[in-house]
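Engineer: UniProt numbering numbers the first residue of the sequence shown as 1 and each following residue consecutively.
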Amino acid sequence: MKLKILMYVNSLNYYGGIERVIANLSNALSEDYQITILVKDSPVSVYRLNETISIHSINEKLELNMNSKLHRILNVPYNMIRSIIGLKKYFKSNDFDYVYTAFPTNGLEVYLASKKYRKKLVASEHASYYAYNSIYKKIKEYLYPKLAFISVPTKMDTEIYKKLGYNAIYIPHLTTYGKNENNSLLEKTIINVGRLTSDKQQMMLLEIWQIVNKKIPNNEWKLQIIGSGEEEDNLQNFISSNDIKNVEMVPHTSRIADYYSASSLFVFTSRMEGFGMVLLEAMSFGLPCISFDCPSGPRDIIDDGKNGFLIPCYDKEFFAEKICQYIMSNSDDKQKLGQGATRKVENWDNRAILEQWKDIFK
Numbered sequence: 001m002k003l004k005i006l007m008y009v010n011s012l013n014y015y016g017g018i019e020r021v022i023a024n025l026s027n028a029l030s031e032d033y034q035i036t037i038l039v040k041d042s043p044v045s046v047y048r049l050n051e052t053i054s055i056h057s058i059n060e061k062l063e064l065n066m067n068s069k070l071h072r073i074l075n076v077p078y079n080m081i082r083s084i085i086g087l088k089k090y091f092k093s094n095d096f097d098y099v100y101t102a103f104p105t106n107g108l109e110v111y112l113a114s115k116k117y118r119k120k121l122v123a124s125e126h127a128s129y130y131a132y133n134s135i136y137k138k139i140k141e142y143l144y145p146k147l148a149f150i151s152v153p154t155k156m157d158t159e160i161y162k163k164l165g166y167n168a169i170y171i172p173h174l175t176t177y178g179k180n181e182n183n184s185l186l187e188k189t190i191i192n193v194g195r196l197t198s199d200k201q202q203m204m205l206l207e208i209w210q211i212v213n214k215k216i217p218n219n220e221w222k223l224q225i226i227g228s229g230e231e232e233d234n235l236q237n238f239i240s241s242n243d244i245k246n247v248e249m250v251p252h253t254s255r256i257a258d259y260y261s262a263s264s265l266f267v268f269t270s271r272m273e274g275f276g277m278v279l280l281e282a283m284s285f286g287l288p289c290i291s292f293d294c295p296s297g298p299r300d301i302i303d304d305g306k307n308g309f310l311i312p313c314y315d316k317e318f319f320a321e322k323i324c325q326y327i328m329s330n331s332d333d334k335q336k337l338g339q340g341a342t343r344k345v346e347n348w349d350n351r352a353i354l355e356q357w358k359d360i361f362k
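1. L174 and N24 - do their beta-carbons sit closer together than 9 Å?
2. Which one or two residues does DSSP pair with K4 in a beta bridge?
3. Go ahead and pull the three-state DSSP assignment for G308.
4. Along the chain, where does the alpha helix (DSSP H) that runs through L143 open and close?
5. Just to check my reading of the structure: Y33 and I55 have Cβ atoms closer than 8 Å, yes? What is that Cβ distance to the nearest angstrom?
6. Any idea if T165 is buried or exposed, counting beta-carbon neighbours within 10 angstroms, 16 or more meaning buried?
7. Give the secondary structure of F319 by DSSP, where H, G and I count as helix, E and B as strand, and everything else as coil.
8. Determine, using beta carbons only, whether residue 444 and I139 come nearer to each other than 9 Å.
9. Quick one: give me the first and last residue of the alpha helix (DSSP H) that Q335 is part of.
10. Check whether the segment 136–150 and the segment 113–123 touch, using three or more Cβ-Cβ pairs below 8 Å as the test.
11. Indicate whether L223 and V193 have their beta-carbon atoms separated by less than 9 Å.
12. Looking at the structure shown, is L205 part of a helix, part of a strand, or coil, going by DSSP?
13. Beta carbon of F285, beta carbon of Y326: below 9 Å?
14. Alpha helix (DSSP H) containing K188: first to last residue?
15. Considering K222, what are the terminal residues of the beta strand (DSSP E) in which it resides?
16. Tell me, which residues are paired with F285 by DSSP?
17. Among residues of its own chain, excluding the 5 on either side of K245, which ones have a beta-carbon nearer than 8 Å to its beta-carbon?
18. When the Cα atoms are used, what is the spatial distance from T158 to G274?
19. Suppose you measure from the CA of N182 to the CA of Q335; what does that come to, to the nearest Å?
20. I18 to P217, Cα distance in whole Å?
21. Alpha carbon to alpha carbon, how far is residue 424 from D333?
22. On the three-pair Cβ rule with 8 Å, is the segment 223–242 touching the segment 183–203?
Here's what the structure looks like:
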């Protein structure tokens, strides 16, 4: 009989890195385990789930409002209380061998809702250690020492948690990205993909692009920023008020593969990043990547000078210089970086990562 695992996450109703990680892991584990996903809002997933996976909700009317960070912060206490009540009720009629949680608050909710699952609770990290505010850090200080282990997707963060005395295990995220069709890297398009938030720093990317346009008069290359979020109006206003040339804002789209295929470079300006799934996604299309060397995901994916470039945080001039260097480089140099990106994805060992999870869920 298959072991039963509950994946508890705020929502799968929005496109995002964490949501994609949950979907990927659930699908991979579903061949050997009975997987149930529990969310706080509508029991639907924007990412494909295997038919054997069930998705339930503890409160379909709970308002998360992923487009407003302020709204989410102000509603944390209310949502936590409602979630704990919902979990207590849910656990009365549902039984599991393990519970996987994606956020510190999720783990705390399960811990407070049921004594039964305290020793079966698996916490998974998705953000850089430095991305958490003092409240989240207090939650982890209380919760994490009580857990059997926590999974951490980056080497740097794993070492931090180990030094704090937590039983942290380095487990990179699974990726579903295989090698896509060869990219000629002839298109004069540079893209950024992600939620439009202050943490992703697309505003800084626009400032970098201003520098690029000054360094390269009559620049023929275009910057596409693809995504939706709370910073959208601010970004549009900044583009208009500063008359920034060769920039296109594209709302989140399900046709993202078409944009990757029609681009020649991926740029990433996050302030902090837990893993950086989008970097692997871009590399699966043969795109070299330029990213700030932010804590802590990009350095585990980008091999500087081989499949892209890591930029000291947050050096806009040097970032712009590397973009210009790439634009002005010859086709052979672009292809070498693109081939390095493709090799990175091909060598990502999903099988070994999955075996790590199977060792945990025994």
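Virtual Cβ for every residue (Gly too), placed ideally from N, Cα, C.
This structure is a prediction, so every number in the text was calculated from the model and none was measured.
Structural biologist: According to the data block:
1. Within the sequence shown, numbered from 1, the residue matching residue 24 stands at position 24. Within the sequence shown, numbered from 1, the residue matching residue 174 stands at position 174. Yes, the pair counts as a contact, with Cβ atoms nearer than the cut-off.
2. Taking the first residue of the sequence shown as 1, we reach residue 4 at position 4. Note: K4 sits in a beta bridge opposite Q34.
3. As a first step, residue 308 must be located in the sequence shown, where it is residue number 308. Strand, per DSSP.
4. As a working note, residue 143 is residue 143 in the sequence shown. 134–143 is the extent of the alpha helix (DSSP H) around L143.
5. Here residue 33 is taken as the residue at index 33 of the sequence shown, counted from 1. Here residue 55 is taken as the residue at index 55 of the sequence shown, counted from 1. Contact flag wrong, Cβ pair sits at about 15 Å.
6. Indexing the sequence shown from 1 puts residue 165 at position 165. For the sequence presented, residue 165 should be read as Gly rather than Thr. With fewer than 16 other Cβ atoms within 10 Å, it is exposed.
7. Taking the sequence shown and counting its residues from 1, the one referred to as residue 319 is at position 319. Correct three-state label for F319: helix.
8. In the structure as shown, the chain begins at 1 and stops at 362. Residue 444 is therefore absent and cannot be evaluated.
9. The residue given as residue 335 occupies position 335 in the sequence shown. Residues 331–346.
10. yes
11. Indexing the sequence shown from 1 puts residue 223 at position 223. Indexing the sequence shown from 1 puts residue 193 at position 193. Their beta carbons are not under 9 Å apart, which means L223 does not touch V193 by this criterion.
12. Taking the sequence shown and counting its residues from 1, the one referred to as residue 205 is at position 205. It is helical.
13. Locating residue 285 in the sequence shown gives position 285, where the first residue counts as 1. Locating residue 326 in the sequence shown gives position 326, where the first residue counts as 1. The answer is no: Cβ separation not under 9 Å.
14. Within the sequence shown, residue 188 is the residue found at index 188, counting from 1. Here K188 belongs to no alpha helix (DSSP H), and DSSP marks it neither H nor E.
15. The count along the sequence shown starts at 1 and reaches residue 222 at position 222. Unbroken beta strand (DSSP E) run through K222: 222–226.
16. On the sequence shown, residue 285 is found 285 positions in, with the first residue counted as 1. The partner list for F285 (beta bridge, DSSP) is empty, contrary to what the question assumes.
17. If you number the sequence shown from 1, residue 245 lands on position 245. Here the set comprises N213, N219.
18. Locating residue 158 in the sequence shown gives position 158, counting from the first residue. Locating residue 274 in the sequence shown gives position 274, counting from the first residue. Spanning the two alpha carbons is a distance of roughly 11 Å.
19. Taking the first residue of the sequence shown as position 1, residue 182 is located at position 182. Taking the first residue of the sequence shown as position 1, residue 335 is located at position 335. Using only the alpha carbons, I get a separation of about 10 Å.
20. For the purposes of this step, residue 18 is taken as the residue at position 18 of the sequence shown. For the purposes of this step, residue 217 is taken as the residue at position 217 of the sequence shown. Taking the straight line from one Cα to the other gives about 40 Å.
21. Outside the displayed range of the chain (1 to 362) lies residue 424, so it cannot be described from this structure.
22. yes
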